[in-house]
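First comes the structure, then the notes that go with it.
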Amino acid sequence: MGELTLFLAGDVMTGRGIDQVLPHPGDPELREELVRDAREYVALAEAVNGPVPRPVAASWPWGDALSVLDRAGPDVRIINVETSVTRAGDFAPGKPVHYRMHPDNVGCLVAARPDVCVLANNHVLDFGRRGLAETLATLDAAGLAHTGAGRDVREAQRPAVAVAGGRRVVVHAVGTESSGVPSGWAATADRGGVAFLADLSESTADVLLDRVQQAAQPGDVTVVSVHAGSNWGYAVRGRYTRFARRLVDGGVDVVHGHSSHHPRPVEVHHGRPILYGCGDLVNDYEGIGGFADYRSELRLLYLVTLDADTHRLTQLRMVPVRARRLRLERVTGPDAAWLHQTVARISRPFGTVVELDPDDSLLASAEVSSP
């Protein structure tokens, strides 16, 4: 039996403080209520965990995650790039937070060797459509495939395709207002923007499924990447659950959810994984106070293994890491146990059993059929 393994990352936010320690820091100006210089986020992280060298290598923010992935050997790597990659200074009005990475730091993304960069999120247009155009051009020049945003609606909705072992993995990406994507960011026939969903209704799922089916070829593995939901909280609203299950019932093999700053429940619906929120992965949040109960410094690397023929889940492995000094470190022991207890507790109502294996990774499987 052949298998196919996907690495699915939550939010990768390489702007602001991360950008400032990379080899080519951009303009540090911010327009936040309390912070006006991105270097302050570096100072906050250093106050908590110690000095960060400058400049760091492009691979620094990924830290131990790179060796974990090298050992796991996923066939396809998919990350949510929640940062505008631009020199533009066109701060999007009405937004309290803006993320910008200098284009010359794109090597930070390249270091993780992503096969697909998802862009349908609430930060890709932080510096306007000029910033989006430069983001797309920078990713193209670096050879990084992307989906979920584009110079017009056709490009934004066009899936990205990765090929592994002769099999296509087709990735569609959409962003929703519930995650903070402004409706005005929606791509149109003559305006760049994101692949936007007005809601998470079952009828909207059917429209998306029609798009998925039009792009599909026999044997494809299909992933739908969804930026949905609030920043904090473990609860998953019923409409999101119905939407995600409708996608699976319509032929989607993996639902890759993100937006929350911490992991949310996982479900196995009819043998297909639904990740309701993969949480943050790379960012500059470690020195920021508030919401301490969620332990957002602890993150997960999601490794989804499917039967290559049936596309049914054979293993869902989640590897714990921690942000420290703007870098990811592998964690075991009490921190891994805390993540295990949390993800197991919040996933239990979805009929999911989460176990802790001997190397302190989390393993999820279906206990009962989803209702």
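Here numbering that gives the first Met the number 0 is used: position 287 in the sequence shown is 286, and no number is missing along the way.
Virtual Cβ for every residue (Gly too), placed ideally from N, Cα, C.
Quick check: is the beta carbon of residue i nearer than 9 Å to any beta carbon in chain B?
{"i": "valine 168", "result": "Chain labels in this structure do not include chain B; a single protein chain is all it has."}
Sort out for me which residues DSSP pairs residue i with in a bridge.
{"i": "serine 177", "result": "According to DSSP, which records beta bridges pairwise, serine 177 is partnered with nothing at all."}
{"i": "serine 364", "result": "Val352"}
{"i": "leucine 33", "result": "Paired residues: none, contrary to the question."}
{"i": "arginine 166", "result": "Ala163"}
{"i": "alanine 372", "result": "For residue 372 there is no data in the structure shown, the boundaries of the chain being 0 and 370."}
{"i": "aspartate 10", "result": "Asn79, Asp279"}
Going along the chain, which residues of its own chain have a beta-carbon closer than 8 Å to the beta-carbon of residue i, five neighbours each way excluded?
{"i": "glycine 249", "result": "Ala204, Asp205, Leu208, Val211, Gln212"}
{"i": "valine 251", "result": "Leu208, Val211, Thr221, Val222, Val223, Arg271"}
{"i": "threonine 187", "result": "Asp151, Val152"}
{"i": "serine 368", "result": "Note that serine 368 scores a pLDDT of 43, beneath 50, so its modelled location is shaky; the value from the coordinates is reported in the next line. Closer than 8 Å at Cβ, skipping near neighbours: His269, Gly350."}
{"i": "alanine 307", "result": "Met0, Gly1, Glu2, Leu3, Gly164, Arg166"}
Below 9 Å between beta carbons: does that hold for residue i and residue j?
{"i": "valine 84", "j": "leucine 138", "result": "yes"}
{"i": "aspartate 74", "j": "threonine 4", "result": "yes"}
{"i": "valine 55", "j": "isoleucine 78", "result": "no"}
{"i": "serine 224", "j": "valine 173", "result": "yes"}
{"i": "serine 182", "j": "alanine 227", "result": "no"}
{"i": "aspartate 334", "j": "proline 319", "result": "yes"}
{"i": "aspartate 219", "j": "arginine 167", "result": "yes"}
{"i": "histidine 171", "j": "threonine 221", "result": "yes"}
{"i": "glycine 332", "j": "glycine 9", "result": "no"}
{"i": "leucine 199", "j": "arginine 157", "result": "no"}
{"i": "alanine 194", "j": "glycine 149", "result": "yes"}
{"i": "arginine 153", "j": "arginine 15", "result": "no"}
{"i": "glutamate 354", "j": "arginine 323", "result": "no"}
{"i": "tryptophan 184", "j": "leucine 118", "result": "no"}
{"i": "histidine 122", "j": "valine 96", "result": "yes"}
The beta strand (DSSP E) with residue i in it runs from where to where?
{"i": "glutamate 266", "result": "265-268"}
{"i": "isoleucine 273", "result": "271-274"}
{"i": "tyrosine 301", "result": "297-306"}
{"i": "valine 320", "result": "312-322"}
{"i": "arginine 150", "result": "Unbroken run through arginine 150: none, as it is neither H nor E."}
{"i": "valine 117", "result": "115-117"}
{"i": "arginine 86", "result": "Where arginine 86 is concerned, there is no enclosing beta strand (DSSP E), given that its DSSP letter is neither H nor E."}
{"i": "glutamate 328", "result": "327-329"}
{"i": "valine 41", "result": "Taken as a continuous stretch (DSSP letters only), valine 41 belongs to no beta strand (DSSP E), being part of the alpha helix (DSSP H) at 38-48."}
In the DSSP assignment, find the unbroken alpha helix (DSSP H) run with residue i in it and report its ends.
{"i": "cysteine 107", "result": "106-109"}
{"i": "serine 346", "result": "332-346"}
{"i": "aspartate 209", "result": "201-214"}
{"i": "alanine 243", "result": "237-248"}
{"i": "alanine 64", "result": "64-71"}
{"i": "arginine 129", "result": "127-140"}
{"i": "glycine 16", "result": "16-20"}
Grab me the residues of residue i's own chain with a C-beta within less than 6 Å of its C-beta, minus the 5 sequence neighbours each way, in chain order.
{"i": "valine 265", "result": "Leu274, Ser346, Thr351, Ala363"}
{"i": "glycine 106", "result": "Ala57"}
{"i": "phenylalanine 371", "result": "No information on residue 371 is available, as it lies outside the stretch 0 to 370 that the chain covers here."}
{"i": "valine 109", "result": "Ala141"}
{"i": "proline 370", "result": "Residue confidence is low: proline 370 scores 41 on pLDDT, short of 50, so the model does not pin down where it sits. Its coordinate-derived value is still stated next. The answer is none, since no qualifying residue turns up."}
{"i": "phenylalanine 242", "result": "Leu199, Ala204"}
{"i": "threonine 304", "result": "Glu2, Thr4, Thr313, Gln314"}
{"i": "histidine 260", "result": "Asn230, Asp279, Ser295"}
{"i": "leucine 196", "result": "Val173, Thr175, Thr203"}
{"i": "alanine 71", "result": "Leu302"}
Quick one: what's got a C-beta closer than 7 Å to residue i's C-beta in the same chain, skipping five residues either side?
{"i": "glutamate 366", "result": "Gly350, Thr351, Val352"}
{"i": "aspartate 189", "result": "Asp151"}
{"i": "proline 27", "result": "Gln19, Asp36, Ala37, Arg38"}
{"i": "glycine 62", "result": "Arg326, Leu327, Glu328"}
{"i": "glycine 127", "result": "Ala87, Asp89, Ala91"}
{"i": "glycine 49", "result": "Arg324"}
Three or more C-beta pairs closer than 8 Å, one from the segment 75-95 and one from the segment 128-135: is that the case here?
yes
May I ask you to verify whether the segment 34-49 touches the segment 280-298, counting CB pairs closer than 8 Å and requiring at least 3?
yes
Is it a yes or a no for the segment 90-109 touching the segment 11-31, going by three-plus beta-carbon pairs under 8 Å?
yes
How about the segment 65-74 and the segment 298-309: do they share at least three Cβ pairs that are nearer than 8 Å?
yes
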